[in-house]
Amino acid sequence: MSSEGRDRLFFLLSGEHPTLPHAELEAILEAEGFSFRPLSRLAQLSELECDRSCCRPVLERASMVRACCLELLRCPADEEAMLGSVGEAPLRELLRPGQSFRVRIRRVRGSCPGLDIMGLEKEIGSIIYGAVGGLKVDLRSPDVDFLGVLTEGWFFFGLKLGEARGGFGARRPSRRPFFHPTAMMPKLARCMVNLARARPGELILDPFCGTGSILVEAGLLGCRILGSDISPRMAFGCLLNLRFLGLEPDGIVVADALAPPFPEGDRVVTDPPYGRSASTAGRSTRGLYEDLLALIPELLPPGKMACLAAPSDLCVADMARDMGLGPVEAHYYFVHSGLTRELLVVRVP
């Protein structure tokens, strides 16, 4: 369960993207100052060594992490091996007579279709019940919650330490007072803020703030927020949305994003305009991104990171590299048939 003072954990991830959930998790751990060692990246599951106290900030911050577990075992997804491994797990260290427990197993992407999930839950429950006397089964609100995950031919089993609360649906653009079709969805906006390694109290700059999706998510993480938009209507709508959610920015300014009246910030997180419903104020899309990349070192001190979204065909990672900005990571996010976004994280040298 632990090694060198760190716990062996696994995180159940959302399945909406192959790389972003893993990257978001590790970015949060870096932002929160946790020392960790990645072990495995599997479909919808990340296994790593880290102090278990990381679970709370991860689950409070993440948009693409569903649950955190203290790993008790990992074995091939074979019924005999699984049941034998559960029988050898240190169950008496985790349960006391009189406590209630529950066992749930999640099958990721149809993994191990020949295994009977409900049957396995009952058999594992029987093993636990027999190992520790005086237990009760509670499927609704147990004292101790066990989670098993089947993924890519492996079975992970652990003590659930927590699960994500969600709430992103309540902040969908259509549910805010000011709406525009270019607005980014809350989960992706939150992911971008996390990829930038934002920390509570830091000043987050969004020079293309639009309706405020990114600033909303940064503000809810406890960051100071400052944005600009060239459109007075957008800037007013952004402020309306922020205040609707109880957030007060350091400022929302009507200004050209490439000449913003900003002080130096701690992170830049932004989604510049592109596509038919967005206005680039007469600039070419490529020119706009070249100017933005040139601006980032003026807005951030050395060592700080920025996260920006771009159409994938622009190859902004190559643009950043040519301009001396060190790309940290890049991810491609399918939106619809006409748009795939590249999410790029860069570090100011």
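For reference, each letter of the sequence shown is one residue, going 365 to 713 in this note's numbering. Backbone N, C-alpha and C fix where the C-beta goes; we use that ideal spot for every residue, glycine too.
Own chain residues within Cβ distance below 8 Å of residue i, not counting five before or after
{"i": "Leu678", "result": "Thr649, Arg650, Tyr653, Glu706"}
Alpha carbon of residue i to alpha carbon of residue j, nearest angstrom
{"i": "Ala642", "j": "Asp593", "result": "The predicted position of Ala642 is uncertain, since its pLDDT is 48 and thus under 50; no value can be drawn from it."}
{"i": "Asp415", "j": "Glu566", "result": "24 Å"}
{"i": "Ile578", "j": "Arg554", "result": "7 Å"}
{"i": "Ala725", "j": "Phe510", "result": "Only positions 365 to 713 of the chain appear in the structure, and residue 725 is not among them; the question remains open."}
{"i": "Gly690", "j": "Pro382", "result": "23 Å"}
{"i": "Leu406", "j": "Glu527", "result": "19 Å"}
{"i": "His695", "j": "Gln463", "result": "44 Å"}
{"i": "Thr634", "j": "Leu412", "result": "30 Å"}
{"i": "Ile392", "j": "Ala534", "result": "23 Å"}
{"i": "Met549", "j": "Val712", "result": "27 Å"}
{"i": "Pro613", "j": "Leu606", "result": "8 Å"}
{"i": "Lys551", "j": "Pro564", "result": "18 Å"}
{"i": "Val472", "j": "Gly574", "result": "36 Å"}
{"i": "Glu457", "j": "Ala431", "result": "21 Å"}
{"i": "Ile589", "j": "Ser676", "result": "27 Å"}
{"i": "Leu377", "j": "Pro666", "result": "32 Å"}
{"i": "Met669", "j": "Val513", "result": "34 Å"}
{"i": "Leu664", "j": "Ala674", "result": "20 Å"}
Cβ neighbour criterion (16 or more within 10 Å) applied to residue i
{"i": "His700", "result": "exposed"}
{"i": "Glu435", "result": "buried"}
{"i": "Asp570", "result": "buried"}
{"i": "Thr704", "result": "exposed"}
{"i": "Asp630", "result": "buried"}
{"i": "Met482", "result": "exposed"}
{"i": "Glu390", "result": "buried"}
Contact set for residue i: own chain, Cβ-Cβ below 6 Å, skip 5 residues either direction
{"i": "Tyr493", "result": "Leu499"}
{"i": "Leu459", "result": "Val496, Val508"}
Proximal residues to residue i (C-beta, below 7 Å), its chain only, five neighbours per side dropped
{"i": "Pro625", "result": "Val617, Ala619"}
{"i": "Glu693", "result": "Ala387, Val709"}
{"i": "Gly489", "result": "Val467, Val501"}
{"i": "Ala621", "result": "Pro571, Phe572, Ser592, Ile594"}
{"i": "Phe698", "result": "Thr704"}
Heavy atom of the ligand SAM within 6 Å of residue i beta-carbon
{"i": "Pro454", "result": "Among the components modelled here there is no ligand, and therefore nothing to report on the ligand SAM."}
Which runs of the alpha helix (DSSP H) fall wholly inside the segment 561-626 and span at least 4 residues, in chain order? Runs of the alpha helix (DSSP H) lying entirely within the segment 561-626 and spanning at least 4 residues, in chain order: 577-584, 596-608.
May I have a chain-ordered list of the alpha helix (DSSP H) segments no shorter than 4 residues that lie completely inside the segment 378-408? Residue ranges of uninterrupted alpha helix (DSSP H) with 4 or more members, entirely inside the segment 378-408 and ordered along the chain, are 384-395.
Ignoring anything shorter than 3 residues, give me the beta strand (DSSP E) runs that lie fully in the segment 503-562, in order along the chain. Annotation note: the segment 503-562 contains the following uninterrupted beta strand (DSSP E) runs of length 3 or greater, listed N- to C-terminal: 508-515, 518-527.
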